[in-house]
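Below: the structure, in structure tokens.
There are 2 protein chains.
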Amino acid sequence: MIASMQDHQLRVPQLLDHAARYHGDREIVTAWPDGSVTRITWATLANDARKMAQAFERLGIKPGDRVATLAMNHTPHLVAWFGAIGMGAIVHTLNPRLFDEQLIYTVNHAADRVLLYDCAFQQQVDRLRDRWPTIERFIRIDGDGPGSLLELLNVEDGECDWYGGDEREPSMLCYTSGTTGAPKGVLYTHRSTVLHAMAGVAPSMFDLSATSVVLPIVPLFHAAGWGLPFAAAIAGAKMVLCPTNEPTILSQTMTREHVTHSAGVPTVWLSLLAHADAANAFPRALRHVSIGGSAAPASMIARFEAAGVRVAHIWGMTETSPLGTMGQRPVGWALMDEAQKLSVASRQGKPPYGVELALVDDAGEPVTHDGVSPGRLRVRGPWVVHRYYAADADAVDDDGWFDTGDVAVMHPDGTMQITDRAKDMIKSGGEWISSVELENAAIGCAGVAEAAAIGAIHPKWGERPILLVVRRPGSTVTSDELRLHLQNHVAKWWLPDEVIFVEELPHTATGKLLKSALRDRYAKILIDG
Amino acid sequence: MIASMQDHQLRVPQLLDHAARYHGDREIVTAWPDGSVTRITWATLANDARKMAQAFERLGIKPGDRVATLAMNHTPHLVAWFGAIGMGAIVHTLNPRLFDEQLIYTVNHAADRVLLYDCAFQQQVDRLRDRWPTIERFIRIDGDGPGSLLELLNVEDGECDWYGGDEREPSMLCYTSGTTGAPKGVLYTHRSTVLHAMAGVAPSMFDLSATSVVLPIVPLFHAAGWGLPFAAAIAGAKMVLCPTNEPTILSQTMTREHVTHSAGVPTVWLSLLAHADAANAFPRALRHVSIGGSAAPASMIARFEAAGVRVAHIWGMTETSPLGTMGQRPVGWALMDEAQKLSVASRQGKPPYGVELALVDDAGEPVTHDGVSPGRLRVRGPWVVHRYYAADADAVDDDGWFDTGDVAVMHPDGTMQITDRAKDMIKSGGEWISSVELENAAIGCAGVAEAAAIGAIHPKWGERPILLVVRRPGSTVTSDELRLHLQNHVAKWWLPDEVIFVEELPHTATGKLLKSALRDRYAKILIDG
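Here the protein sequences line up with chains A and B, keeping their order.
Numbering follows the working numbering, in which position 73 of the first sequence is assigned residue number 73; successive positions increment by one, without gaps.
Numbering follows the working numbering, in which position 404 of the second sequence is assigned residue number 933; successive positions increment by one, without gaps.
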């Protein structure tokens, strides 16, 4: 068949070329923890990435090879990404918060040939170096001098073409954090990355254009920073990167750089908002905040809405690149009262074109979309995993559906709302209690900084909820006060059998509550006494 | 290679499914010329399109067959589109304003098997029926009763799957209007249509979301209505269709349906604005207007800006699906004065990701991007033509560039500005005069309804500009007044040697000035006297 339309491959480097050509002056800013700031532009980034591609070639890296990064959010990290992907290699983002055993496992499983790492992780690298036999070359990604990325770039001229392969070739390798079992690698392709980015800029998604200033608080090693560097390139947006989540620096940077768009998990927003309220330093230019990883408490949503910020849940996972759904302001939003707005904003939203959702019961039969009947959430689409890296079997069922492990309801208008992780639901007397809803209700209580609900084994009910609570500094909130508060927000039979105050709660490497550790410790508390 | 990510084909029917599933209640409204209004939803449209697909199958239509439409903008036209494309056929949109010979040529060239036509074109169909031997079946697309589309739908149940082919299979066939030579067919593919639609919803392009209400004034037979039905499906926007361009109906419909987004050629906007100003009936909800086909006069841009409407040039052609560039509000827009805003808004803008532009001189060498040096505009990308339908050779050069025939400058920031059609430039004493700039300056003069500048043969200068002018009703504007006005807007040597007042100007079937006819008539006026 003779092609009637031009048959360009959807490849990641062309995103960068687009930004460099048509939005070349828009900045990429890094606000370093020491207070210094570096500024380059998309045009410079494109040139540096070409030098990086030449440097990888000089090191003997071939298309298809894995290049690992162990780094926070900053410009050289992006240079490494685009340079490696641009010469056909696969970027494997390591999560520095993983345990040693997990870091050893993933590097060996991926058989990474090169590691680019932040100076701050020198100790970690020295400790694990001998356990990473596939890594031939260690490169310091920040700083300068011998062994640094800068040293490699300085001898290159940037005069090269991108590697031009098929759009279905791999671009990035991201491992799930894996609270249970070994981490699993999701191998993004150029096609999946580009389509995901094209979908991401839409007004109902990240809403990015060349006038946007986007600061992804989400680390670049979490599902490629939710794909924001690629969506920002399509939009030609200014990007602002912070290698730290320290609230003072984040908040100052947001104000100074006129950040309009940001994205991150609820725990980071909790501390940022606490700082902003204490210091009267709410970032004034902010108008779009995406919250993902887990559900945001209603109090947080209300705080953003009051400041005129459009707050949107993003739902997804490493396996979905990650954009699965985004919260949306429906028609009639302006006419809704605060409670209605809060109810709508607490939902996970609707998928972009490309993503399909299905809700099924335990037998795999469709669950009705009535806004109350929960079901297991399945997903499919061109940026959803088909088979994990080096796995023997597909990750999808015969109809191509991927089982997310999440429990959700679908509202009649096509809006999805996560109820809980399937494994975190609490089953009391044959009825389901959502641990997420219980936690978010608890966080709305004055004096509560963080809360975790788990099911504890109960002789009569099977499971009963218990609540682990971290108080805010200076707070003396009591178990009775908390119960009183909860009575106004959840059904009476959802009230926890125990409220336990703790100094801190355990988190996974991606900042989510590590419920498995809590269950290990507290599951038998109602029977052991 | 085992697919790591899911490998869904980018097919047009999935756009419709997406809208039906996640924005099923958003309306598709048709405001008929007789004042009646029909309303369906995306969910209903999807169901009707499935019935249409069944009906085509029942008629013996096979995937790859051409199905022609001769129809204005209305719901059944969309049903026919999605039904035909959904069962694998190719929709060939006929332009009812074409001359008989062109209609005969394109139908035979495409070898259409079915024609769906508006009752209003019954006479045209009857006249040409015998000249269209490939058409086996004539279906009235509006109305009901025997021989109507409705009759076909009524016996189907909509219980069918879409035809599932490769994304590079054709979806639509659109012929260029061809002011010179035979019309040429551009065969869009499912992939090109879907990617074009994904790019189109972005904030810097059509800016469409589920809260948008979009009325494409541009006819569906002009480059698939600029792809708006497909972009609207991705966004889940409400669509409003008018089979007529009558300003009163358009304006009333825009107001009643709270139209937020619209798109059309300057001539239609001229009459709509004239009506709105006379009747004090400017559509209040309007906030985004795309103007394409030819450059908008500064006076029109100023009128929209004053009303708080973001006005954006869209540049493109049938060969580019058509989205090539879109005018954009740059960073710092709010700080610009009116003249600066006008200057920026008069540019054709920047391309979405996917489209690349190149500016070359007559020798094919790159022209500098300084905002003043004109060059021939070339374009490439995944929704740009590669080879015309049934042509023997590619429409692109060895590097894949398509020569647009437009003359443009590129500004240093990557913004493109059309200067003229290459064939419409006036060459006076070796220097170029832009006919478009001269016309737009003339339209800014009170009393001028429309103007056309062409080069007339001149014994000394080679060519000199002459201006054909249509006065507004009641205006008595004189040649001297017009010259006085022009002196403030163009270089003195650009002033026309003759100003000729005419009752009307000839247009192509797509509403553009038919300059070839003017040149035929007036080219020798300066030498013949």
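Beta carbons are placed, not taken as given, at the ideal position from N, Cα and C, and that holds for glycine.
8 Å Cβ cutoff, residue i in contact with chain B
i, result
"Gly-227/A", "no"
"Arg-380/A", "yes"
"Thr-189/A", "yes"
"Val-214/A", "no"
"Pro-283/A", "no"
"Gln-417/A", "no"
"His-386/A", "yes"
"Thr-404/A", "no"
"Pro-146/A", "no"
Beta-ladder partner(s) of residue i, from DSSP
i, result
"Lys-427/A", "Trp-432/A"
"Asp-935/B", "Arg-950/B"
"Thr-291/A", "For the record, residue 291/A in the displayed sequence is Ile; it is not Thr. Answer is Gly-264/A and His-313/A."
"Pro-366/A", "Val-360/A"
"Tyr-117/A", "Leu-70/A and Arg-140/A"
"Thr-849/B", "According to DSSP, which records beta bridges pairwise, Thr-849/B is partnered with nothing at all."
"Ala-456/A", "Arg-464/A"
"Thr-41/A", "Glu-27/A"
"Ile-1029/B", "Leu-997/B"
"Cys-689/B", "Bridge partners of Cys-689/B: none, in fact."
"Pro-699/B", "Thr-718/B"
"Glu-630/B", "None; Glu-630/B has no bridge partner."
"Val-379/A", "Leu-357/A and Phe-402/A"
"Tyr-704/B", "Gly-714/B"
"Lys-492/A", "Answer is none; Lys-492/A lacks a bridge partner."
Through-space distance from residue j to residue i, alpha-carbon basis
i, j, result
"Ser-435/A", "Asp-520/A", "16 Å"
"Leu-514/A", "Ala-237/A", "35 Å"
"Ile-314/A", "Thr-267/A", "15 Å"
"Ala-302/A", "Gln-54/A", "49 Å"
"Met-410/A", "Thr-404/A", "15 Å"
"Val-596/B", "Arg-380/A", "32 Å"
"Ile-1054/B", "Val-1028/B", "11 Å"
"Ala-919/B", "Asp-166/A", "27 Å"
"Tyr-1088/B", "Val-715/B", "The structure shown does not extend to residue 1088/B, since chain B is modelled only from 530 to 1058, so the question has no answer here."
"Gly-64/A", "Met-855/B", "37 Å"
"Pro-473/A", "Phe-501/A", "13 Å"
CB contact check: residue i to chain A, cutoff 8 Å
i, result
"Ile-763/B", "yes"
"His-537/B", "yes"
"Ala-868/B", "no"
"Tyr-918/B", "yes"
"Val-860/B", "yes"
"Met-701/B", "no"
"Met-534/B", "yes"
"Tyr-704/B", "no"
"Ile-569/B", "no"
"Tyr-692/B", "no"
Secondary structure of residue i, DSSP reduced to three states
i, result
"Pro-994/B", "strand"
"Ser-677/B", "strand"
"Thr-508/A", "coil"
"Gly-793/B", "strand"
"Thr-476/A", "coil"
"Val-608/B", "helix"
"Arg-666/B", "strand"
"Val-715/B", "strand"
"Met-239/A", "strand"
"Thr-325/A", "strand"
"Arg-256/A", "helix"
"His-8/A", "coil"
Contact test: residue i Cβ vs the ligand FMN heavy atom, cutoff 7 Å
i, result
"His-275/A", "Among the ligands in the structure shown, none appear at all, so the ligand FMN cannot be discussed."
Interface partners of residue i on chain E, CB under 7 Å
i, result
"Asp-207/A", "As a matter of chain content, chain E is missing from the structure shown, whose protein chains are A and B."
Pull out every residue of the region 15-28 of chain A whose Cβ sits closer than 7 Å to any Cβ of chain B, in chain order. Leu-15, His-18, Arg-21, Tyr-22, His-23, Gly-24 and Asp-25
Compile a chain-ordered list of the residues in the region 936-967 of chain B whose CB is closer than 7 Å to at least one CB of chain A. So the close ones are Asp-942 and Gly-943.
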